[in-house]
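What follows is a set of notes on a single structure, which appears directly below.
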Amino acid sequence: MENIMTVLGSEGPKLDAHGSDLCSVSRKRAGRGVRRDDEQQVPSIFSCRHPAATMPADSRRPSESAHVERKSVFMLHKTKHKIFLSHSGAEKNFVEQLCVDLEATGYSFPFFDQRSHSLPKGKDFAALILEAAKLCHVGVVVLSETFLTSKWPMIELGKFHEAKKSENSSLNMLPLFFKLSIEDLDEQSISERWMPKWQEFASTDKRIDVNLWRDAVLALPKVNGLIFEKPRARHKSSTGIRSEVEYRSAIVQAILRLSSPDLLYGSSESMVGYNRLCEHLSSLFVEDTKSGVLLLGLYGMAGLGKTTMSKALNDYFHRELMGRVCHLELGDSSKALMRQKEVLEKLWGLKNDVLDGVKDLDQGRTLMRNCLEQDRIKRQSGVFLAIDNVSGDQRSLDEARAYLETGFCPKSKILVTSRGQNIVEGLLSHSKFCQPVPSLTQKEAETVFLKMAAPGRILSALTDEERRSLALCVEQCRFPRGRGLQYHFLGSRQYHPMAIRALANCFQNQAINKKSLSVWEKYLEAVDQGYSLDLFGILEMQFKSLEQIEQLFFLDIALFGDKVSISLSAEDWVTWLGGLHMDSSPAFVKGVLKQLERSGILNECLDMRSGMTMHQLYKEFAVWFVTKGVSSKNEWCVRECAPPNHERTRIRIVKLEGRIPRSRVQREWESLILLQLQFCTHVRELNLDGLDRLRHLELVDLKNLETLTLPSESDSLRFVVFSGLESLKRLPDFGSFCAFLRVISIRNCSNLKEPLRIEGCSKLGTLETDTTSILVFSHCQN
0 MENIMTVLGS
10 EGPKLDAHGS
20 DLCSVSRKRA
30 GRGVRRDDEQ
40 QVPSIFSCRH
50 PAATMPADSR
60 RPSESAHVER
70 KSVFMLHKTK
80 HKIFLSHSGA
90 EKNFVEQLCV
100 DLEATGYSFP
110 FFDQRSHSLP
120 KGKDFAALIL
130 EAAKLCHVGV
140 VVLSETFLTS
150 KWPMIELGKF
160 HEAKKSENSS
170 LNMLPLFFKL
180 SIEDLDEQSI
190 SERWMPKWQE
200 FASTDKRIDV
210 NLWRDAVLAL
220 PKVNGLIFEK
230 PRARHKSSTG
240 IRSEVEYRSA
250 IVQAILRLSS
260 PDLLYGSSES
270 MVGYNRLCEH
280 LSSLFVEDTK
290 SGVLLLGLYG
300 MAGLGKTTMS
310 KALNDYFHRE
320 LMGRVCHLEL
330 GDSSKALMRQ
340 KEVLEKLWGL
350 KNDVLDGVKD
360 LDQGRTLMRN
370 CLEQDRIKRQ
380 SGVFLAIDNV
390 SGDQRSLDEA
400 RAYLETGFCP
410 KSKILVTSRG
420 QNIVEGLLSH
430 SKFCQPVPSL
440 TQKEAETVFL
450 KMAAPGRILS
460 ALTDEERRSL
470 ALCVEQCRFP
480 RGRGLQYHFL
490 GSRQYHPMAI
500 RALANCFQNQ
510 AINKKSLSVW
520 EKYLEAVDQG
530 YSLDLFGILE
540 MQFKSLEQIE
550 QLFFLDIALF
560 GDKVSISLSA
570 EDWVTWLGGL
580 HMDSSPAFVK
590 GVLKQLERSG
600 ILNECLDMRS
610 GMTMHQLYKE
620 FAVWFVTKGV
630 SSKNEWCVRE
640 CAPPNHERTR
650 IRIVKLEGRI
660 PRSRVQREWE
670 SLILLQLQFC
680 THVRELNLDG
690 LDRLRHLELV
700 DLKNLETLTL
710 PSESDSLRFV
720 VFSGLESLKR
730 LPDFGSFCAF
740 LRVISIRNCS
750 NLKEPLRIEG
760 CSKLGTLETD
770 TTSILVFSHC
780 QN
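Here numbering that gives the first Met the number 0 is used: the first residue of the sequence shown is 0, the next is one more, and so on.
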C-alpha cells in the first residue's frame, strides 16, 4: 500500500457526522472471496438492486483490457420506446417538434424515425419499426391524407391494431386528426379514397393485409383523439385546437395521462419503500397561508437519504404536475447560474436560445418572475422544486432563499433539505414546515441489506435463526436521530441507509454470503473486537474490505481529487487518475472506478462528459480516517506541521505556519507523487528540486510566494495547478523539461511579468488561464 498524508492547520475542516469521534484500532482484513459483477448500478442509498451474476475471483481485479460498460441512470421498463410517433413524411417537421416536447417532459426515447436511438445506421429498419410498434405503450397516429396513402405509416398502424388485439392489449392508441376529420375514416371514405391505394401496395408486398388496415382505420374514430382545426376567417369552432403550439401541448398532456414518462431517477423501481415514503412525505407538506405554496423542510444527519427522497418526490409528482418538477442540489457557489438555468429549463421548458442570453443571477431571477407571471395569467398548475443540501454557508443560504422568495404559484410544492434543523427552520420561518428525515422500517432496512449482502435470498425464505442474524446486522446501522441525551432512547433511533449498504457491501466483499446467514452474528462479534461500530466504524469496515488499489483510488478522489482547482469531467478524472497512477491505461482506471461504483462509494455518472460524484459523507470519512493520528508507515495520518520522515507519496498541507526548507524537501519528500499546498501564506520560496517522481503539483493561495523552482528532471510531471499566487512574477519554463505535461491551470496570478513557455509540452491537452498578462508560446502537438 502506498502512503498518504494530509497535513491540516488548526483551522482544518470540521466534521458533522454523529459517532465519528471514536477511533478504533483496525484489524487485518479477512481473505477475499468472490465478488458479484453488478450489471445494474445502485442509484440510491435505499436501492435493493444487485447484480445477478458472479465473477471469478481471478477476474475481479481491473485489468488493462477491462471493458467498462456505461449505463444511463434512466431506469426504463422492458419497452425502450414507450411512445411511438407514427407519421408520414409530410408531417415530419410537426412530429419532430412534438418529439422534442416529449423529450423535455421526461420521455427518454420516443420512437421517431429521425432519432438514431430509434433507427440506428446499418440496422434492419423494418424489424426495428415492427418490434417497437408491437411493444409500445402509446401509438400516436398523426393522421393526414398522405398518412393513409403511404405504405410504412399504414404498416405501423396495422401493427398497433394487431398488437392491441393480441399480445399487447394495454397498448393505447392516440389518433391525432391533424389534417383529416373523423368523417374521412368512415366505410365510404375507406372504399372510395383509401382502399385502391392499399390494394396497389398489397399487389407488390405480400405482408400487407388490407382487411387488417381497414379494421385499424375503422377503430380510430372510436378512440378519444385530438382534433386540430386550422383557423378560418370569420369562423369560430369549439371542435378543435387552432394553434400548433397548443395542439402539441394537449398531445403531451394526453400522453402523460396514458403512460408515465421514463423518470430520470427511476425511484419507483429501485428504491425500497418508495410508495410508503413518498405518500408519507407528500402528507407532510404544509400550506403557507400567505402564498398558498406547500412547504416542507427535511433535516437529518448525512447519509439518511435526503437527496434520495428529494429525487423520489421528483418522480412521484412528475405525472401530477405534468413534468414540471426539478431537483436542485446546492453546492459549489460558482455553479449557481448553471443551477438557475436548470430550473428555468425543467420548470418552464426554456431552451438554449433563451438560456444562453442569461448572463447573471439577477437576469435569471427576472426571467423566472416573468415565467411565473405567465403561469398566473394562464392559470397553470403548480410546480415541484426540491432545494436539496442547503449548508450553513451564507452563499448557500442566500441561493436557497432567493428561490423561496421568487413567488411560486399557489399549490406549488417546495422542498428544502439540510443537515441542520435550524437551517430549514430559518429558511421556512416556522417549525411547522419542518420534519426530521423519516426512517426506514425494519423490513425495509433488512431488504436493502439482504439484497446487497446475499443476492438471491429473500426475507420470506429465511429461517428464524437467519432472520435473527439479519436483524442484528441492521441493528448495528441504527443510530440516534440527534446528539442530545433525549435522542439516545430506542424510539429516537433510526436506520442509516448508507451504513446499511456499507456493512452489506463489506459482507459481500468478504464472501460472507457464501455461508449460512446464521454465521453473520458470529462474524459481527469477531469484527466488533477491531472496530467501533459507529457510523464511521462501519464505513471503515467497508473501506478495508476493498482491494488496495481501490482504497487508494477512493482516497485520491475523496481527499485530493475533490480539491483539484479545475473542473473535471468523468473523462478528465480518468486522465488524472491514470496520470497519477504511473500512466495506467483508461481501461484499467475505469475498471477500478466501476468497482467503486458497485460498492456504492461512487455515484454513477450520466456520461463521460459529466463529473464524477461521491457522497459528502464518504469524503468526511476519508478526512477522519487519515486524521486518526496513526503514524505507522503503512497508514494515513495527519499532523499540524510539515510531514515527518516517512516515504509519503501524497501530501496536502493546509495553512502551514512556517517555511518549507529545501533540505526537508530533498530529504523527506523525494517519493512524492502528489503535492498540494494551500493557504500557506508564510511560504516565500519553494524549491522542489529532487522531487523527480512528482506527477501532480497544486499551489493555491500562497499569496507571498515569490520564487518557485521545479525539479530539474520533470518528465514525470503531468498536472500543474496554480491559483492565487499573487506575489509570483515569473513562472517556471515548462517547455524546457516538462515534456509530458497534460494540464496547466493558472488563475489569479496577477503579478506575472514574463510569458508562459510551453514549447516542448507536446502532450498538453488542457491550458486554462484567466489573465491576459500571460502570453503563450507553444508548438504543442495534441
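Every residue, glycine too, gets a C-beta built ideally from N, C-alpha and C. Note that the structure is predicted; figures quoted are calculated from it, not measured.
Contact under 9 Å by Cβ, residue i with residue j
{"i": "residue 548", "j": "residue 572", "result": "no"}
{"i": "residue 727", "j": "residue 704", "result": "yes"}
{"i": "residue 272", "j": "residue 480", "result": "no"}
{"i": "residue 338", "j": "residue 398", "result": "yes"}
{"i": "residue 225", "j": "residue 249", "result": "yes"}
{"i": "residue 493", "j": "residue 439", "result": "yes"}
{"i": "residue 691", "j": "residue 669", "result": "yes"}
{"i": "residue 387", "j": "residue 327", "result": "yes"}
{"i": "residue 159", "j": "residue 125", "result": "no"}
{"i": "residue 615", "j": "residue 653", "result": "no"}
Neighbourhood of residue i by C-beta distance below 6 Å, restricted to the same chain and skipping five residues each side
{"i": "residue 541", "result": "501, 504 and 505"}
{"i": "residue 77", "result": "For residue 77, the pLDDT reaches just 47, beneath the cut-off of 50, and the residue's location in the model is therefore unreliable, although a value from the coordinates is still provided. Around residue 77: no qualifying Cβ."}
{"i": "residue 396", "result": "none"}
{"i": "residue 178", "result": "143"}
{"i": "residue 661", "result": "686"}
Rounded C-alpha distance that separates residue i from residue j
{"i": "residue 765", "j": "residue 466", "result": "55 Å"}
{"i": "residue 415", "j": "residue 474", "result": "29 Å"}
{"i": "residue 256", "j": "residue 318", "result": "8 Å"}
{"i": "residue 174", "j": "residue 81", "result": "16 Å"}
{"i": "residue 189", "j": "residue 119", "result": "34 Å"}
{"i": "residue 212", "j": "residue 508", "result": "58 Å"}
{"i": "residue 235", "j": "residue 87", "result": "With a pLDDT of only 46 at residue 235, under the threshold of 50, the placement of this residue in the model should not be trusted, and no figure is reported."}
{"i": "residue 383", "j": "residue 586", "result": "40 Å"}
{"i": "residue 110", "j": "residue 84", "result": "6 Å"}
{"i": "residue 417", "j": "residue 313", "result": "17 Å"}
{"i": "residue 449", "j": "residue 222", "result": "47 Å"}
{"i": "residue 146", "j": "residue 122", "result": "24 Å"}
{"i": "residue 143", "j": "residue 602", "result": "47 Å"}
{"i": "residue 400", "j": "residue 214", "result": "59 Å"}
{"i": "residue 427", "j": "residue 343", "result": "22 Å"}
{"i": "residue 330", "j": "residue 228", "result": "49 Å"}
{"i": "residue 412", "j": "residue 552", "result": "40 Å"}
{"i": "residue 75", "j": "residue 315", "result": "Because residue 75 carries a pLDDT of 32, less than 50, the predicted location of this residue cannot be relied on, and the following value inherits that uncertainty. Between residue 75 and residue 315, the C-alpha separation is close to 16 Å."}
{"i": "residue 219", "j": "residue 183", "result": "11 Å"}
Boundaries of the beta strand (DSSP E) in which residue i is found, first to last residue
{"i": "residue 389", "result": "383-389"}
{"i": "residue 653", "result": "649-653"}
{"i": "residue 619", "result": "Element bounds for residue 619: not the beta strand (DSSP E) but the alpha helix (DSSP H), 615-625."}
{"i": "residue 435", "result": "433-435"}
{"i": "residue 172", "result": "171-176"}
Bounding residues of the alpha helix (DSSP H) (the contiguous stretch that carries residue i)
{"i": "residue 157", "result": "150-164"}
{"i": "residue 686", "result": "Careful: residue 686 lies outside any alpha helix (DSSP H), inside the beta strand (DSSP E) at 684-686."}
{"i": "residue 757", "result": "Residue 757 -> no alpha helix (DSSP H), and no H or E assigned at all."}
{"i": "residue 365", "result": "360-377"}
{"i": "residue 250", "result": "243-257"}
{"i": "residue 549", "result": "547-554"}
{"i": "residue 472", "result": "463-474"}
{"i": "residue 124", "result": "124-134"}
Residue environment, residue i, which counts as buried when at least 16 other CB atoms sit within 10 Å
{"i": "residue 581", "result": "exposed"}
{"i": "residue 533", "result": "buried"}
{"i": "residue 695", "result": "buried"}
{"i": "residue 116", "result": "exposed"}
{"i": "residue 429", "result": "exposed"}
{"i": "residue 496", "result": "buried"}
{"i": "residue 288", "result": "exposed"}
{"i": "residue 157", "result": "buried"}
{"i": "residue 237", "result": "Low per-residue confidence applies at residue 237: pLDDT is 47, beneath 50, and the placement is therefore not dependable enough to give any value."}
{"i": "residue 310", "result": "buried"}
{"i": "residue 140", "result": "buried"}
Cβ neighbours of residue i in the same chain (closer than 8 Å, five flanking residues each side left out)
{"i": "residue 279", "result": "437"}
{"i": "residue 577", "result": "583, 584, 585, 587 and 588"}
{"i": "residue 457", "result": "449"}
Contacts around residue i, its chain only, beta-carbon distance under 7 Å, and the 5 residues preceding and following it disregarded
{"i": "residue 684", "result": "705 and 706"}
{"i": "residue 431", "result": "285"}
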